[in-house]
Amino acid sequence: MSGEYGCCTVSGQKRRNNLTPYECTKKRILDRIRASEVPEDYHHALNTLKWVRKLHAKDDALLEIAALGHDIERASAETKVRRSNFADYDSFKHAHAENSANIVSQIMRECNWDEVSIERVAGMIRNHETGGDRESNVLRDADALSFFEVNLPYYYKRHDLAEVEKRCRWGYSRISPKWKPFVRQFRYPDEELNRLIERIGASAVC
Numbered sequence: 012m013s014g015e016y017g018c019c020t021v022s023g024q025k026r027r028n029n030l031t032p033y034e035c036t037k038k039r040i041l042d043r044i045r046a047s048e049v050p051e052d053y054h055h056a057l058n059t060l061k062w063v064r065k066l067h068a069k070d071d072a073l074l075e076i077a078a079l080g081h082d083i084e085r086a087s088a089e090t091k092v093r094r095s096n097f098a099d100y101d102s103f104k105h106a107h108a109e110n111s112a113n114i115v116s117q118i119m120r121e122c123n124w125d126e127v128s129i130e131r132v133a134g135m136i137r138n139h140e141t142g143g144d145r146e147s148n149v150l151r152d153a154d155a156l157s158f159f160e161v162n163l164p165y166y167y168k169r170h171d172l173a174e175v176e177k178r179c180r181w182g183y184s185r186i187s188p189k190w191k192p193f194v195r196q197f198r199y200p201d202e203e204l205n206r207l208i209e210r211i212g213a214s215a216v217c
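Position in the sequence shown counted from 1, then plus 11, gives you this note's numbering.
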């Protein structure tokens with residue numbers, strides 16, 4: 012892999028505007044997320060891709076697209092779902108995942124992907140909060156690890172400590188046991204966050 016967009020190719024792909032469907036889709040996703048008003052969104056997308064590559068040994072173009080686009084719906088005020096419109100957090104997260112899957116599916120169609128590939132990516136994104144199969148589990152773990160590495164300091168600035176701890180425990184519970192030690196390696200400028208992560212990691216109820 013090299014560069015912001017990586018270097019994966021998919022054999023037999025028809026070019027659009029001199030880009031393969033893979034290149035076209037990655038560019039459109041990143042261009043859209045780059046414009047997000049949420050400051051951590053762009054870094055989180057790239058960081059989730061980094062974790063996917065770390066946790067998943069082989070190149071997988073579809074999984075990489077899912078990694079970059081899994082949160083795309085919140086990059087625009089016109090498309091993002093609002094937490095206040097849902098009775099509980101899980102319902103909100105389900106709607107968020109479904110919305111992102113639909114947006115990425117449309118981008119992939121515009122970039123000349125076949126429907127089988129589109130549905131595979133959409134399925135990964137729909138399940139990125141919960142997992143369920145090998146690819147979705149990798150994406151779930153990568154997303155959760157990236158939250159702790161990238162998003163948490165921003166989340167901490169926007170919410171009180173009780174809400175931050177609740178969100179951290181929810182996120183930590185999503186991570187496969189073998190990857191949880193990564194979380195305890197992260198260090199933050201604010202010592203209150205470091206103590207929180209130590210407390211969550213040491214807790215028997217995560």
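Just so it is clear, CB atoms sit at the ideal spot from N, CA and C, and this is done for glycine as well.
For clarity, every value in this text was computed on a predicted model and none was experimentally measured.
Restricting to Cα atoms, I'd like to know which of Asp201, Arg195, Glu48 is closest to Ile211.
Here the question's residue 211 lines up with position 200 in the sequence shown. Nearest option by C-alpha distance: Arg195.
Distance, Cα to Cα, Ala215 vs Leu30?
As a working mapping, residue 215 is identified with position 204 in the sequence shown. As a working mapping, residue 30 is identified with position 19 in the sequence shown. Note on Ala215: pLDDT 42, under 50, position unreliable in the model; the coordinate value appears next. Near 49 Å, if we compare the C-alpha coordinates of Leu30 and Ala215.
Residue environment, Tyr167, which counts as buried when at least 16 other CB atoms sit within 10 Å
Your numbering for residue 167 matches position 156 in the sequence shown. Tyr167 should be labelled buried.
Work out the CA separation of Val175 and Ile186 for me, nearest whole Å.
One-based indexing of the sequence shown puts residue 186 at position 175. One-based indexing of the sequence shown puts residue 175 at position 164. Rounded to the nearest angstrom, the two C-alpha atoms are 17 Å apart.
Cys35, enclosing alpha helix (DSSP H) - first and last residue:
As a first step, residue 35 is located in the sequence shown; it is residue number 24 there, counting from the start. Residues 32-45.
Helix, strand or coil, according to DSSP, for His54 in the structure here?
As a working note, residue 54 is residue 43 in the sequence shown. Here His54 sits in helix by DSSP.
Cutoff 6 Å; reference Ala77; Cβ partners in own chain excluding five residues on either side
Position 66 of the sequence shown, counted from the start, is the residue given in the question as residue 77. Closer than 6 Å at the Cβ level, and outside the excluded window around Ala77, lie Val132, Met135, Ile136, Leu150.
From Arg145, Asp144, Ile114, residue whose alpha carbon lies closest to that of Thr36:
Residue mapping note: residue 36 aligns to position 25 of the sequence shown, counting from 1. That would be Ile114, whose Cα lies nearest to the Cα of Thr36.
How close, in whole Å, do the beta carbons of Asn58 and Thr90 come, if the pair is a contact with beta carbons under 8 Å?
To locate residue 58, count along the sequence shown from 1; it is residue 47. To locate residue 90, count along the sequence shown from 1; it is residue 79. In fact, because the Cβ distance is near 22 Å, the residues do not count as touching under 8 Å.
Reducing DSSP to helix, strand and coil, say where Trp62 ends up.
Along the sequence shown, one-based indexing puts residue 62 at 51. It is helical.
Alpha-carbon spacing of Asp101 relative to Arg180, whole angstroms
In the sequence shown, residue 101 corresponds to position 90, counting from 1. In the sequence shown, residue 180 corresponds to position 169, counting from 1. Rounded to whole angstroms, Asp101 to Arg180 spans 14 Å at the Cα level.
Going along the chain, which unbroken runs of the alpha helix (DSSP H) with 4 or more residues stay wholly within the segment 104-159?
126-137, 145-157
Determine the DSSP secondary structure at Glu89, reduced to helix, strand or coil.
The residue labelled residue 89 in the question sits at position 78 within the sequence shown. Coil.
Starting from Trp190, trace the alpha helix (DSSP H) in both directions and tell me its first and last residue.
Here residue 190 refers to the residue found at position 179 when the sequence shown is read from its first residue. Element bounds for Trp190: n/a, residue is neither H nor E.
Pro200 lies in the alpha helix (DSSP H); which residues open and close that run?
Sequence index remark: in the sequence shown, residue 200 carries index 189 (1-based). Segment: none, Pro200 is in no alpha helix (DSSP H) and carries neither H nor E.
With a threshold of 8 Å on Cβ separation, who are the neighbours of Gly182 within its own chain once the five nearest residues in sequence on each side are excluded?
Stepping through the sequence shown from its first residue, residue 182 is reached at position 171. Here the set comprises Ala155, Phe158, Phe159.
May I have the straight-line CA-CA distance separating His107 from Arg85, to the nearest angstrom?
Within the sequence shown, numbered from 1, the residue matching residue 107 stands at position 96. Within the sequence shown, numbered from 1, the residue matching residue 85 stands at position 74. Cα-Cα distance, rounded: 8 Å.
Residue-chain proximity (Ser187, chain D), Cβ-Cβ < 8 Å:
No chain D is part of this structure, which consists of one protein chain only.
Cα-Cα separation between His139 and Ala112, rounded to whole angstroms:
For the purposes of this step, residue 139 is identified with residue 128 of the sequence shown, where counting begins at 1. For the purposes of this step, residue 112 is identified with residue 101 of the sequence shown, where counting begins at 1. Those two C-alpha atoms are separated by around 10 Å.
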